[in-house]
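Numbering (our numbering), first residue to last: 106 to 501.
Right, here's the structure in full:
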């Protein structure tokens with residue numbers, strides 16, 4: 106019985122080897138023609154999707170199987186990798202699993218899984234084939250409203266991804282449980298009552314759009330999954346539409362020159378108020394990261410105290426912001442950047458009418474990101490105020 110079984114096993118083995126060779130020989134003549142684009146369009150594969158190593162390019166779609174009779178090369182592949190499940194499926198149903206190696210150039214194995222990817226890669230076309238690319242040294246995009254409140258005639262609509270998911274009457278707005286570090290139900294109520302008109306939007310959550318590497322826009326819920334909670338927290342601090350550095354790798358930080366000034370004394374404007382405003386300016390700009398060839402402002406939700414000034418429009422101004430603005434201006438100009446919008450070359454560095462945090466903008470003309478550092482030392486009129494640019498220089 107044992108010898109008989111061994112003889113049968115050897116016969117089956119050589120038969121399978123012969124069949125495999127035969128299928129390989131007829132592969133090109135007996136396989137349906139496919140391209141990356143034709144397969145992506147037919148089977149709704151989302152080109153541009155962010156993908157990590159080991160993820161399937163099908164995302165949530167069902168596995169692709171095709172008729173065995175017109176795809177004998179795929180059956181040959183099943184035999185060559187000795188995929189018993191695929192072989193059984195092919196022989197029992199007449200449909201064979203798709204061999205993705207025939208339509209991919211890199212980063213995708215024969216089963217449609219991303220391979221060899223470091224960090225948040227993305228699915229793209231490379232010629233007529235599909236490829237999963239690792240992220241570049243830097244990936245950036247722009248924050249955009251994803252979940253918002255839109256004011257209506259009788260309340261607000263909760264809009265998510267462009268679709269109304271809930272309508273809230275005026276008397277229920279105060280009970281909305283949306284909140285984070287920067288807003289709560291009181292903030293929302295005040296916005297509705299005093300700072301909005303019909304059609305105005307209040308941003309609750311931000312997605313990301315306009316990626317530097319062309320990948321698909323992502324929802325607010327996908328931002329922390331793909332790029333981390335730190336990105337969510339950073340984007341929440343800055344005005345909607347700000348450029349956000351989402352990923353960086355293989356670079357070296359190189360610190361620029363430190364530029365400093367002191368608060369000085371102008372008692373006619375109230376030195377205590379000036380100190381508060383100077384510290385607020387520093388908080389607004391410290392840690393701001395500007396992607397390559399991009400323009401960014403300071404943080405949102407930063408507030409300044411006003412002091413009486415007959416020469417200012419409206420009779421008051423946020424005095425105390427000019428000393429830190431001079432330090433920032435010096436650091437920016439020494440880097441070869443243009444004069445920040447909202448500033449002048451004068452001692453009074455901030456133009457009237459510009460919010461010192463979210464209205465002043467700095468443009469990074471480098472091909473790599475930079476980070477703005479600002480800090481203070483001491484207190485009172487002798488308080489030192491400093492600024493420095495840190496470059497994220499890519500490694501060769």
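Positions of the beta carbon are idealized from the N, C-alpha and C atoms, including for glycine.
{"Query": "Separation of residue 178 from residue 129, as counted between CA atoms", "Result": "Per-residue confidence for residue 129 stands at a pLDDT of 48, beneath the threshold of 50, marking its modelled position as unreliable; the derived number appears in the next sentence. Cα to Cα, residue 129 sits roughly 6 Å from residue 178."}
{"Query": "Per-residue burial, residue 311 [other beta carbons within 10 Å of its own, 16 or more giving buried]", "Result": "buried"}
{"Query": "Boundaries (first-last residue) of the beta strand (DSSP E) holding residue 358", "Result": "356 to 360"}
{"Query": "Residue 460 in three-state terms, based on DSSP", "Result": "coil"}
{"Query": "Residue span of the alpha helix (DSSP H) that contains residue 293, given as start and end", "Result": "290 to 299"}
{"Query": "Close Cβ partners of residue 411 (< 7 Å) along its chain, the five nearest in sequence each way excluded", "Result": "421, 422, 423"}
{"Query": "Straight-line Cα distance separating residue 205 from residue 564", "Result": "Lying outside 106 to 501, the shown extent of the chain, residue 564 is not represented and no answer is given."}
{"Query": "Residue 408 beta carbon less than 8 Å from that of residue 341", "Result": "no"}
{"Query": "Given residue 487 as reference, the closest of 377, 500, 467, 145 once Cα atoms are compared", "Result": "377"}
{"Query": "Closest Cα partner of residue 170 within the set 248, 147, 160", "Result": "147"}
{"Query": "Integer-rounded CB distance, given that residue 213 should sit under 8 Å from residue 139", "Result": "About 13 Å separates the two Cβ atoms, so there is no contact after all."}
{"Query": "Entirely enclosed beta strand (DSSP E) segments - the stretch 216 to 281, minimum 3 residues", "Result": "226 to 231, 234 to 238, 243 to 257, 260 to 265, 268 to 274"}
{"Query": "7 Å Cβ shell around residue 172 - same chain, five flanking residues per side excluded", "Result": "199, 200"}
{"Query": "Proximity of residue 427 and residue 387 at Cβ, strictly below 8 Å", "Result": "no"}
{"Query": "Proximity test, residue 345 beta-carbon vs the ligand NAD heavy atom, cut-off 7 Å", "Result": "Inclusion of the ligand NAD in the displayed structure is not the case, the ligand content being empty and no account of it being possible."}
{"Query": "Residue 482 (DSSP reduced to helix, strand or coil)", "Result": "strand"}
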